[in-house]
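Note sheet for the following structure.
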Ligand SMILES: Cc1ncc(COP(=O)(O)O)c(C=O)c1O
Ligand SMILES: N[C@@H](CCOP(=O)(O)O)C(=O)O
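Residue numbers (full-length UniProt numbering): 1 to 462.
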């Protein structure tokens with residue numbers, strides 16, 4: 001499989017190259033040259049496979065000849081062997097048509113583990129036998145950071161610099177990152193919001209001298225390998241609910257559009273998805289874009305769902321690329337316009353291509369709390385607030401097929417918000433251990449390119 005940039009002018013790479021590169025050198029995002037498809041019978045054939053077997057089956061066409069089938073299966077066995085539930089991503093029934101897909105049984109209790117456990121192993125495999133030392137730069141609102149750090153801490157040939165917005169992640173999320181004292185882990189609290197952190201990461205990739213000096217790579221969902229691993233659970237869940245003979249809808253709490261884009265890819269691969277519901281909080285740029293074509297930034301509002309407090313949604317670019325006939329030059333111009341003004345309108349062609357599969361909903365704090373209370377009272381399920389946003393959208397969707405809400409984080413990562421909404425305070429699972437007793441290490445920096453790159457220059461090159 002070959003990978004090309006959404007902006008059309010970066011080198012075409014194989015899977016190994018795209019994984020190590022992270023972001024394309026023209027500022028675009030790597031996407032597979034074609035979408036592989038599975039026949040009805042091939043999807044039926046996924047029934048009865050374990051999660052790790054399903055993962056190897058779904059990922060194989062994307063990996064191409066960068067790994068042998070045996071190597072890919074071995075990596076999947078190792079990655080998903082670290083999950084605390086035998087089903088890896090179990091399905092829970094809430095009522096007749098409403099289901100929950102629990103994606104938080106990995107080491108750091110959020111859906112990010114599903115992809116990042118795999119990505120850590122891919123980095124290690126692709127660096128083996130080379131003298132390359134990778135510098136990973138990442139931006140996090142809390143969950144990507146801890147999952148990425150868990151996946152690469154202590155690995156030879158990798159340094160990780162993780163930027164989180166100071167004071168805007170929960171204490172548990174912060175401690176999951178900052179108590180990892182491995183020498184290759186560098187946590188930076190930046191004085192800004194998540195969008196500032198993400199913009200700094202992209203600026204570092206776009207500074208060719210800096211990017212080459214450090215051999216930069218990415219763990220955010222700008223890295224194609226992240227999304228590839230997330231496609232798997234759409235197949236795994238849908239097949240358990242009767243696909244391919246049964247159509248299924250998914251409701252996805254959305255920020256950077258990575259998770260729901262993985263659902264889009266599953267649909268392109270032949271999974272009969274009735275609808276993808278893009279659920280946003282009051283930071284609703286994606287809801288406005290999908291419902292009226294208006295993709296324009298507002299002021300970020302801090303909410304009980306900090307992982308969705310975002311205005312610039314990286315992976316939306318991948319969808320826009322597909323939706324405009326994969327015209328990289330036209331998309332590059334459209335994105336440059338957005339980067340200059342903070343606003344753009346989707347073209348009619350883009351809106352028409354997107355409309356049949358996607359729907360969206362903006363969910364406010366009251367509706368989120370109501371959905372969380374309904375899940376607690378009627379189905380005995382305590383949800384984290386992000387999952388509450390998606391459940392609210394799912395229950396209002398009016399669809400007459402099974403609707404699967406993606407439960408993206410363990411409720412214990414957001415204890416205060418869960419207690420406010422439901423009155424119950426979820427306990428921290430034993431597997432996170434003595435998080436509150438451990439020493440923390442991080443550096444606070446202004447949200448400027450100069451401050452962050454000087455820090456990395458001072459710590460990264462060995
Ligand atoms: C708990 C949680 N839910 C939902 C999201 C949004 O997912 P995405 O950025 O892939 O849209 C995130 C962050 O990415 C998250 O951490
Ligand atoms: N909500 C995310 C933000 C980064 O998203 P990513 O999926 O692009 O890594 C987080 O938890 O950090």
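Think of the CB as a built atom: it goes at the ideal place given N, C-alpha and C, for glycine as much as any other residue.
In terms of Cβ geometry, residue 95 and residue 116 do not form a close pair [threshold 9 Å]. With a cutoff of 8 Å, residue 262 does not count as near ligand 2, since its C-beta is closer than that to no heavy atom of the ligand. Contact annotation: residue 237 and residue 118 have beta-carbon atoms that are not nearer than 9 Å. At least one heavy atom of ligand 1 lies less than 8 Å from the C-beta of residue 386. By the criterion of a C-beta distance shorter than 6 Å, residue 329 is surrounded in its chain by 8, once the five residues flanking it on both sides are discounted.
Here residue 13 is not near residue 317, since their CB atoms are 9 Å or more apart. Taking C-beta atoms as the reference points, residue 435 and residue 411 fail to come closer than 9 Å. Beyond the five residues adjoining it in sequence on each side, residue 125 comes within less than 8 Å, by CB distance, of 67, 71 and 75 in the same chain, given in chain order. When DSSP states are grouped into helix, strand and coil, residue 320 belongs to the helix group. Around the C-beta of residue 343, fewer than 16 other C-beta atoms lie within 10 Å, and the residue is accordingly described as exposed.
A straight line joining the alpha-carbon of residue 360 with that of residue 313 spans about 15 Å. DSSP places residue 104 outside both helix and strand once states are collapsed to three, so it counts as coil.
Counting along the chain, the unbroken alpha helix (DSSP H) around residue 79 starts and ends at 69–80. With 16 or more other Cβ atoms from the protein chains shown falling within 10 Å of its own Cβ, residue 307 counts as buried. As the crow flies, the alpha-carbon of residue 65 is around 26 Å from that of residue 27. The C-beta distance from residue 143 to residue 173 rounds to 7 Å, short enough to meet the 8 Å contact threshold. As computed with DSSP, residue 279 is found in a beta bridge with 253 and 361. Annotation for residue 285: the continuous alpha helix (DSSP H) segment containing it runs 285–292.
Given a length threshold of 4 residues, each whole run of the alpha helix (DSSP H) inside the region 137–225 is given here in chain order: 143–152, 171–178, 194–206 and 208–214.
Cβ-Cβ distances below 6 Å link residue 372 to 383, 388, 421 and 422 in the same chain, with the five nearest sequence neighbours on each side left out; the list follows chain order. Bounds of the alpha helix (DSSP H) holding residue 264 are 258–268. Excluding its 5 nearest sequence neighbours in each direction, residue 369 has C-beta neighbours in its own chain below 6 Å: 421, listed in chain order. Bounds of the alpha helix (DSSP H) holding residue 51 are 51–63. DSSP, read as helix, strand or coil, puts residue 110 in strand. Taking the Cα of residue 442 as reference, the smallest distance to any Cα among 22, 185, 122 and 334 is reached at 185. The C-beta distance from residue 111 to residue 259 rounds to 7 Å, short enough to meet the 8 Å contact threshold. For residue 93, the enclosing beta strand (DSSP E) begins and ends at 91–93.
A check of alpha carbon separations from residue 166 across 192, 152, 182 and 155 identifies 192 as the nearest. About 10 Å separates the Cβ atoms of residue 32 and residue 269, ruling out a contact at the 8 Å cut-off. Proximity of the region 203–218 to the region 130–146 meets the contact definition, three or more beta-carbon pairs being nearer than 8 Å. When rounded, the separation of the alpha-carbon atoms in residue 51 and residue 141 is 28 Å. Residue 406 places its beta carbon less than 9 Å from that of residue 250. By alpha-carbon distance to residue 397, the top candidate from 252, 156 and 103 is 252. At least one heavy atom of ligand 1 is found less than 8 Å from the C-beta of residue 111. 9 Å or more divides the Cβ of residue 289 from the Cβ of residue 276.
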